[in-house]
Structures are given as structure tokens and as C-alpha cells.
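Asker: Pasting in a structure now, in C-alpha cells, and then I'll have a few things to ask.
In the working numbering, the protein residues as written are 1151 to 1400.
Right, here's the structure in full:
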């Protein structure tokens, strides 16, 4: 016979003292938690064989790594489970501590009506209780100024008592800044002072490459180590160029 949850089958007219046995066949996606009075003898007031099964579930996590960007930058993800947006679903938020271990953050979090959530670098969202065998997919929306350099475990199937981990890594887009100096009619050894600010802040203590024009007018790299001072200042002579690399675009 077959039963659904919260159903009961009752057999009448069985002689008291008669041996009985009831077994439940395995059901994919379920684990039998209890089987009470599955065997015994029919009692004076009858006997009840009761079975409790729990649905097998797993975990889905979404983790974010931000390389070279602002720690406060947020990235948006869309979570789909069973082909549909995982809308308004609660999740736990974790953040990496100084040792690189995840620690649970206080507060209540859930996806929006479109299955979206936002994470900063070194954060992770964890969804529990997703039915095993259910397909999932996580996508990251494009973030201006960043290039996605890694995306692992972005789609798959939820496994019983297992964490399915979707991990994303983004690297801040960077470019160089060059400062050139031309000196017309002056002494070739005269030095000129420049103050450099990036993002509204003095670009202090930042290394740069120094270049000098040769007889053909082409820049050649000068050996040595160069950096701005504590006030973001540097000095150049005519036909010299200072180049800073790795400055975030925008």
C-alpha cells in the first residue's frame, strides 16, 4: 500500500495476539527517522505502526572575493533554485576575520523578490534546508570597474547534507598614470615639483617608474626606485616622465 504524509491505513478484524510486521520501502530523497511498533502482536485495543520520514536537504553557499578593490564595494548575485528565482529566502551571512576564517554576522538577511542578494569581498551567504536533488544556478551581475576573474560551482545539484559552494572572484580594473615634463629654453638639470592626488587624497609614498628621453626622443626607463614623499610630491626634470601603475579605473 502507499501513504502520503499525515495519512493512515487501518485494518480491522485481525485476531488479538497475532504477529504482525510492517516495513517501509526506501524513498529517494527521504531518510526514515523513526519506525515505532513496526513489529509485534495485535493488542486488545489494536496496534499502531508509525513511521516518520524527513526530507533530505543540503546547503548552498555564495562566496565573494574582491582583489584590489574597495572593501566596501558590493556585488549583486541572482540565485535560482529549481529553475526559478530563489525569492525572499532567508540566508545566514558570514564574514572572514583576520585569520581568514568565516564568522557568522548578526542580523537577518533574505533575497529580494527577484532572488537577488549583495555581498562584499570576504563575505558569504549560506542557504540551508534546500531539498536534495534540486538544481541551482548562481550568476553575478556585471560590476563597473571590475573584471570577474573566477567563477566556480555556479551551477549544479543540491546534495544531501553537503554544502554546494558557488565562489566568485573579481579583480579591480586598473590603469597607469603618467606625468611628463618638457623644459623649453631652461637648464636641463632644473627640477620641477608636482603634487599627485588620486581619489581626492594625496598619493603619498607611492612608487613610480622614471623615464628619460634619449637622443631620438624616445623614453627609456631609468634604473632605481622612486616614490612620492609624504605629501604626494615628486620632482621631474625636462624630458622626464613618471609613471604610476595599478590605479583603479574611475
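Yeah, the Cβ is synthetic: ideal placement off N, Cα and C, and Gly gets one too.
To the nearest whole angstrom, what separates the beta carbons of residue 1271 and residue 1226, a pair I think is in contact under 8 angstroms?
Answerer: The count along the chain shown starts at 1 and reaches residue 1271 at position 121. The count along the chain shown starts at 1 and reaches residue 1226 at position 76. The Cβ separation is near 14 angstroms, so there is no contact.
Asker: Note down the Cα distance separating residue 1390 from residue 1381, rounded to an integer number of angstroms.
Answerer: In the chain shown, residue 1390 corresponds to position 240, counting from 1. In the chain shown, residue 1381 corresponds to position 231, counting from 1. Cα to Cα, residue 1390 sits roughly 21 angstroms from residue 1381.
Asker: Helix, strand or coil: which one does DSSP assign to residue 1280?
Answerer: Working through the chain shown from its first residue, we reach residue 1280 at position 130. It is a strand residue.
Asker: From the beta carbon of residue 1176, is the nearest beta carbon of chain C less than 8 angstroms away?
Answerer: No chain C appears in this structure, which consists of one protein chain only.
Asker: Would you report the Cα separation of residue 1168 and residue 1200, rounded to the nearest angstrom?
Answerer: Residue numbering aside, residue 1168 sits at position 18 when the chain shown is read from its first letter. Residue numbering aside, residue 1200 sits at position 50 when the chain shown is read from its first letter. Residue 1168 and residue 1200: Cα-Cα distance of roughly 18 angstroms.
Asker: State the Cα-Cα distance for the pair residue 1170 and residue 1301, rounded to the nearest angstrom.
Answerer: Walking along the chain shown from the start, residue 1170 turns up at place 20. Walking along the chain shown from the start, residue 1301 turns up at place 151. C-alpha separation (whole angstroms): 56 angstroms.
Asker: Give me the Cα-Cα distance between residue 1224 and residue 1277, rounded to the nearest whole angstrom.
Answerer: As a position in the chain shown, residue 1224 is number 74, starting the count at 1. As a position in the chain shown, residue 1277 is number 127, starting the count at 1. So the alpha carbons of these two residues sit roughly 19 angstroms apart.
Asker: Could you name the residues that DSSP lists as bridge partners for residue 1370?
Answerer: Here residue 1370 is taken as the residue at index 220 of the chain shown, counted from 1. Residue 1370 pairs with 1362.
Asker: Hey, how far is the Cα of residue 1269 from the Cα of residue 1348?
Answerer: For the purposes of this step, residue 1269 is identified with residue 119 of the chain shown, where counting begins at 1. For the purposes of this step, residue 1348 is identified with residue 198 of the chain shown, where counting begins at 1. Answer to the nearest angstrom: the Cα atoms are 26 angstroms apart.
Asker: How about residue 1397 and residue 1320: do their beta carbons lie closer than 8 angstroms?
Answerer: Walking along the chain shown from the start, residue 1397 turns up at place 247. Walking along the chain shown from the start, residue 1320 turns up at place 170. Against a cut-off of 8 angstroms, the Cβ pair of residue 1320 and residue 1397 comes out as no contact.
Asker: Does the beta-carbon distance from residue 1338 to residue 1379 come in below 8 angstroms?
Answerer: What you label residue 1338 is simply residue 188 of the chain shown in a count that begins at 1. What you label residue 1379 is simply residue 229 of the chain shown in a count that begins at 1. No, they are not a contact pair.
Asker: Check for me: the beta strand (DSSP E) holding residue 1390 runs from which residue to which?
Answerer: To locate residue 1390, count along the chain shown from 1; it is residue 240. Start and end: 1390 to 1398.
Asker: Is the stretch 1257 to 1264 touching the stretch 1278 to 1288, taking contact as three or more C-beta pairs under 8 angstroms?
Answerer: With the cut-off at 8 angstroms, the stretch 1257 to 1264 and the stretch 1278 to 1288 do not touch.
Asker: Decide if residue 1372 is buried, meaning its Cβ has at least 16 other Cβ atoms within 10 Å, or exposed.
Answerer: Against the chain shown, residue 1372 aligns to sequence position 222. That one is exposed.
Asker: Please state the DSSP three-state secondary structure of residue 1217.
Answerer: What you label residue 1217 is simply residue 67 of the chain shown in a count that begins at 1. In this structure, residue 1217 counts as strand in the three-state DSSP scheme.
Asker: Among the candidates 1173, 1157, 1387 and 1165, whose CA atom is the shortest distance from the CA of residue 1333?
Answerer: Here residue 1333 corresponds to residue number 183 of the chain shown, with the count starting at 1. It is 1387.
Asker: How is residue 1190 classed by DSSP in three states: helix, strand or coil?
Answerer: Working through the chain shown from its first residue, we reach residue 1190 at position 40. Strand.
Asker: Which same chain residues end up closer than 6 angstroms to residue 1364 when comparing Cβ atoms and leaving out the 5 residues on each side of it in sequence?
Answerer: Mapped onto the chain shown, residue 1364 falls at position 214. The residues are 1370.
Asker: Suppose the cutoff is 8 angstroms on Cβ atoms and the five residues either side in sequence are ignored; what does the same chain contact list for residue 1341 look like?
Answerer: Taking the first residue of the chain shown as position 1, residue 1341 is located at position 191. Excluding residues within five positions, the ones whose Cβ falls inside 8 angstroms are 1385, 1386 and 1387.
Asker: Quick one: grab the DSSP three-state call for residue 1293.
Answerer: Walking along the chain shown from the start, residue 1293 turns up at place 143. It is coil, neither helix nor strand.
Asker: Roughly how far, in whole angstroms, is the beta-carbon of residue 1194 from the beta-carbon of residue 1166, given that I think they are within contact range, below 8 angstroms?
Answerer: For the purposes of this step, residue 1194 is taken as the residue at position 44 of the chain shown. For the purposes of this step, residue 1166 is taken as the residue at position 16 of the chain shown. Right, their Cβ atoms sit about 6 angstroms apart.
Asker: How would you call residue 1180, buried or exposed, if buried means at least 16 neighbouring beta carbons within 10 angstroms?
Answerer: On the chain shown, position 30 is the one that residue 1180 refers to. Residue 1180 is exposed by the Cβ-count criterion.
Asker: With burial defined as no fewer than 16 other Cβ atoms inside 10 Å of the residue's Cβ, what is the status of residue 1204: buried or exposed?
Answerer: Here residue 1204 refers to the residue found at position 54 when the chain shown is read from its first residue. Exposed.
Asker: Grouping DSSP H, G and I as helix and E and B as strand, with all else coil, what is residue 1151?
Answerer: For the purposes of this step, residue 1151 is identified with residue 1 of the chain shown, where counting begins at 1. Residue state, collapsed to three classes: coil.
Asker: Would residue 1211 pass as a contact of residue 1313 if the rule is Cβ separation under 8 angstroms?
Answerer: Position 61 of the chain shown, counted from the first residue, corresponds to residue 1211. Position 163 of the chain shown, counted from the first residue, corresponds to residue 1313. A contact, by the Cβ cut-off of 8 angstroms.
Asker: So who's on the other strand from residue 1212, going by DSSP bridges?
Answerer: On the chain shown, position 62 is the one that residue 1212 refers to. Residue 1212 pairs with 1275 and 1316.
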